[in-house]
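Working notes, structure below.
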Amino acid sequence: MPLVVLAQHDYPVRSVVEPLEDYDVLAYDMNWSFEFSPSFSYRVQERVTLEILHPITQVIFDCVGLEINSCQEASSGEPLTFRTDSEALYINLPRFYTPGESVTLEINFRGSSSAGFYSTNNRYGARIYFTLGFASTARYVFPCVDDPGDKAIYSCEASLPQEYRLATNGRLIGEEISDSIYRCAYEGEHPMATYLFAIHIFPYSVWHREREDGTPIEVYYYPRDSARVFTDFARVPLIVDYFETLFGEYPFEKIGYAECPVFSGWGAMENQTMISFGDRLIDGRRTYESVVAHELSHQWFGDAITIADWRDFWLNEGFAQYAELLFIEHFYPALFAPTIDELRNDFFEHEPTEGRFPLYDPEVYLGYTVYYKGALVLHTLRFVLGDSLFFTALKNYYYTYRYRNVTTDSFMVVCENTSGISLRWFFEEWVYSAGYPELEYYFRNVEDTTKIYIRQIQRDAPIFRLPLEVKLVGSEESAIFRVWIAESVESLAFVPGFYVTDVVLDPNSWILMKTHIATYVSESQRVKAELELFAYPNPFNSELQITIKNAEPGNYRLAIHNIEGKLVKAWELKILYEGTHKVAWEPAKSAGDELPSGVYFATLAGKNLRRTTKLLLLK
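When we follow the working numbering, the leftmost residue of the sequence shown carries the number 51, and every step to the right adds one.
Laid out in structure tokens, this is it:
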């Protein structure tokens, strides 16, 4: 799902079957018949095959709002007693089942338009029907274990009026029209989570292509959108090829998209092999081609590799958002850096209202933290590991856990095994903790050395350990150095071979962080962090107020120098107590009107301590 669906504050709901200890669903086999008049409804014969893990006499399925007509043991046809409540279907088994056995249950039920199966109008006013499994709404469509940790093989047969076509998961293995009824059969080849199940019903046209390996690419679209679809989806084969170079071979038997008004037409959903794609995103200009790529990347991350627990949701959307960035980096390289900056700025802008919380177990699922911070944390990890190790780790992660379930630690361990270094610190800081670094810094030139003082000032966040690019800028040349910082206060020194006029931290935007020009300078690691020097307003025009905080009692000298080091004004201060002390300065009274606009420095010295802050006079 792209972040354009942010207004949908849907939250996953735990399965009534949790913990998933008694049985494992191996397969769902469903036969659907649909009725469209006088209202939309459907009848299903569902066969569910279970592997028994612990001794049981009863099976429980998530089931909401469905009319259950009968249940039976499939092989013998023996009727089974059952009951329902507002959350579940409880089926009593014909006997005591023990670990290692399997059983297939047949459930006959009826459903209608619901929270998971929508009957609505598309952008052109035509009636369309489709399912949406996020968040935890498959249980409104069919009885199931509605938990991402329980993946199963799906197959389906359907009957509907001949003018309709059905777009669903799996490979089409048969279709016919007889007696004005269209019948089709689909079969999945790989396990799938319930929230990725999808059905779309409409008088679709189908755009069909095949990859060189024979994998079909199918786009089910409204007939009047044919020209738009041919343009917007034309590069899907190229995107698949590119993602294979990054992540590994495409995992499934089909690549599919179905046009529909999902999330009012402005969103999309990564259903396995049949993506629901918003009809308002199809404009014939490839405006939303990055969403095409975003949803396609989910086939690797989210579908083939599926989270074991909703708390690890960032492994779905953070990865897909970063895959979207990788698509932009390859197909629209000039837009890559600006898009990184845009994501970072959007995250910073919305965090105060969304709230500050970790990527793991987020407070908001469809939000900027999970999507944008998730993607930018992966970008930071890429910088930590380097391109070679990072992309090797992505492939190793995919091939290790393809068709299985994962947690954040699963990904971390693969990255550690690939790189040969411990990364627990990285995941503790960036995934399991909230926030991001905020670096306050200041530099000064001392003979041929440029000294940079950095302080981490973030709140409600840990002290971060991170690699950092430092760009030293001169009048005609520049140099970039890579360093590591890990302490709350750091002092760096460089001999660049030229006079430095500016310093830029993280010039290539690798790190999710904020930077600020320091309001004071740490002259050495011996300077107490409590001593602070502020100036307000800054820039200033006529009067400046200089504030000294937490100085130890004693004699101090406060001096103002211009950029050439010439003394402009000085005060001899006797501080009698710790606390806040203020000094007012009116430049016109101390130096007359001749004091020009420009950069000045206020320095407080005393008690073997020193603080400096930069001032900007604007006339």
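Glycine included, each C-beta is placed from N, C-alpha and C at the ideal position. Fair warning: this is a prediction, and the values are worked out from it, not measured in the lab.
From the options, pick the residue whose C-alpha is nearest to that of residue i; which is it?
i, options, result
"ASP411", "PHE381, THR457 and LEU431", "THR457"
"PHE531", "SER525, VAL539, SER538 and ALA543", "ALA543"
"SER169", "THR662, TRP621, VAL312 and LEU668", "VAL312"
"GLU320", "VAL414, ALA185, LEU210 and GLY436", "ALA185"
"ILE289", "ALA343, SER525 and ILE251", "ALA343"
"ILE561", "VAL539, SER469, PRO487 and TYR586", "PRO487"
"ARG64", "CYS113, TYR338, LYS304 and LEU608", "CYS113"
"SER674", "LEU210, PHE180, LEU645 and ALA655", "Here the chain covers residues 51 to 669 and nothing more, so residue 674 does not appear."
"ILE267", "ARG274, ARG285 and VAL523", "ARG285"
"MET563", "MET242, PRO149 and HIS429", "HIS429"
"SER347", "SER340, ASP362 and ALA373", "ALA373"
"ILE249", "TYR270, ARG259 and THR281", "TYR270"
"SER276", "LEU296, TYR254 and GLY220", "TYR254"
"ARG97", "THR154, SER525 and PHE441", "THR154"
"GLU644", "GLY405, ALA655, LEU668 and THR630", "LEU668"
"SER559", "ALA387, PHE146 and ARG145", "ALA387"
"PHE84", "TRP534, PHE111, GLU207 and ILE141", "GLU207"
"THR551", "VAL533, LYS599 and ASN495", "ASN495"
"GLY485", "PHE440, ILE502, PHE397 and LYS632", "PHE397"
"SER647", "GLY656, ASN612 and TRP82", "ASN612"
"PHE146", "PHE327, GLY127 and THR107", "THR107"
"THR500", "ARG474, ARG515 and SER528", "SER528"
"PHE548", "ILE504, GLU497 and PHE433", "GLU497"
"LEU608", "HIS400, PHE590 and TYR650", "TYR650"
"PHE590", "ALA634, VAL341 and LYS445", "ALA634"
"ASP263", "GLY127, ALA308, ALA124 and TYR300", "TYR300"
"THR450", "HIS380, PHE297 and MET242", "PHE297"
"ARG261", "VAL523, PRO287 and GLN322", "PRO287"
"PHE90", "ILE110, ILE251, LEU222 and SER152", "ILE251"
Mind checking residue i: buried by the 16 CB within 10 Å criterion, or exposed?
i, result
"ASP333", "exposed"
"LEU666", "exposed"
"ALA536", "exposed"
"PHE369", "buried"
"ILE378", "buried"
"GLU636", "exposed"
"TRP621", "exposed"
"ALA57", "Confidence in ALA57 is poor, its pLDDT being 44 and thus under 50, which makes the residue's placement too unreliable to answer from."
"GLU68", "exposed"
"ARG454", "exposed"
"SER538", "exposed"
"SER525", "exposed"
"PRO52", "buried"
"ASP196", "buried"
"TYR447", "buried"
"TYR92", "buried"
"ASP437", "exposed"
"PHE351", "buried"
"GLU339", "buried"
"ARG274", "exposed"
Hey, residue i and residue j are a contact pair by Cβ (cut 8 Å); roughly how many whole angstroms apart?
i, j, result
"PHE159", "PRO193", "7 Å"
"MET324", "ALA217", "6 Å"
"TRP360", "PRO198", "7 Å"
"GLY183", "LEU246", "6 Å"
"LEU623", "TYR606", "5 Å"
"ALA652", "ILE596", "6 Å"
"SER483", "PRO402", "That pair is no contact at about 18 Å."
"GLY220", "GLU303", "7 Å"
"GLU213", "TYR272", "Contact flag wrong, Cβ pair sits at about 13 Å."
"ILE513", "GLU540", "About 11 Å; that fails the 8 Å criterion."
So does the region 509–516 actually touch the region 490–499, counting three or more Cβ pairs closer than 8 Å?
Contact between the region 509–516 and the region 490–499 is absent, because fewer than three Cβ pairs lie under 8 Å.
With three or more beta-carbon pairs closer than 8 Å as the criterion, would you say the region 419–429 touches the region 391–408?
Look at the beta carbons and you see the region 419–429 touching the region 391–408: at least three pairs across the two are nearer than 8 Å.
With contact counted as at least three CB pairs below 8 Å, one residue from each stretch, are the region 448–466 and the region 351–366 in contact?
A contact is defined here as three or more CB-CB pairs under 8 Å, and the region 448–466 meets this definition with respect to the region 351–366.
Going residue by residue through the region 94–148, where are the continuous beta strand (DSSP E) segments of at least 3 residues, counting only ones entirely within it?
Those beta strand (DSSP E) runs which fall completely within the region 94–148 and span 3+ residues are 106–112, 117–123, 132–134 and 138–147.
Would you call the region 69–78 in contact with the region 199–209, where contact means no fewer than 3 C-beta pairs closer than 8 Å?
The answer is yes - the region 199–209 touches the region 69–78, with three or more Cβ pairs under 8 Å.
Three or more C-beta pairs closer than 8 Å, one from the region 232–242 and one from the region 160–169: is that the case here?
No, the region 232–242 is not in contact with the region 160–169.
Is the region 284–301 in contact with the region 131–144, if contact means three or more CB pairs nearer than 8 Å?
The region 284–301 vs the region 131–144: no contact.
Using 8 Å as the cut-off, can you tell me whether the region 168–183 makes contact with the region 120–127, which would need three or more C-beta pairs spanning the two stretches below that distance?
The region 168–183 vs the region 120–127: no contact.
Is the region 581–599 touching the region 643–661, taking contact as three or more C-beta pairs under 8 Å?
The region 581–599 makes contact with the region 643–661: 3 or more CB pairs, one atom from each, lie closer than 8 Å.
Which ranges does the alpha helix (DSSP H) cover as unbroken runs of at least 4 residues, wholly within the region 359–396, from first to last along the chain?
Counting only runs of 4 or more, we get 364–381.
Cβ contact check for the region 514–524 and the region 539–557: 3 or more pairs under 8 Å:
Two segments are said to touch when three or more pairs of C-beta atoms, one from each, lie closer than 8 Å; by this definition the region 514–524 touches the region 539–557.
Go through the region 450–505 residue by residue and report every complete run of the alpha helix (DSSP H) that reaches 4 residues or more, in order.
Secondary structure in the region 450–505: the alpha helix (DSSP H) runs of 4 residues or longer, each lying completely within the stretch, are 458–469 and 474–480 in chain order.
How do the region 99–111 and the region 224–235 stand: do at least 3 beta-carbon pairs fall below 8 Å, yes or no?
Judged by Cβ distances under 8 Å, the region 99–111 makes no contact with the region 224–235, as fewer than three pairs qualify.
Where in the region 590–656 do unbroken runs of the beta strand (DSSP E), each at least 3 residues long, occur, reported from the N-terminal end onward?
Counting only runs of 3 or more, we get 594–599, 604–612, 617–625, 630–635 and 648–656.
What ranges does the beta strand (DSSP E) occupy inside the region 171–200, keeping only unbroken runs of at least 3 residues that lie completely in it?
Complete beta strand (DSSP E) runs here, min 3: 177–181.
Counting only runs that start and end within the region 228–307, where is the beta strand (DSSP E) found for 3 or more residues in a row?
Complete beta strand (DSSP E) runs here, min 3: 231–237, 249–252, 255–260 and 266–271.
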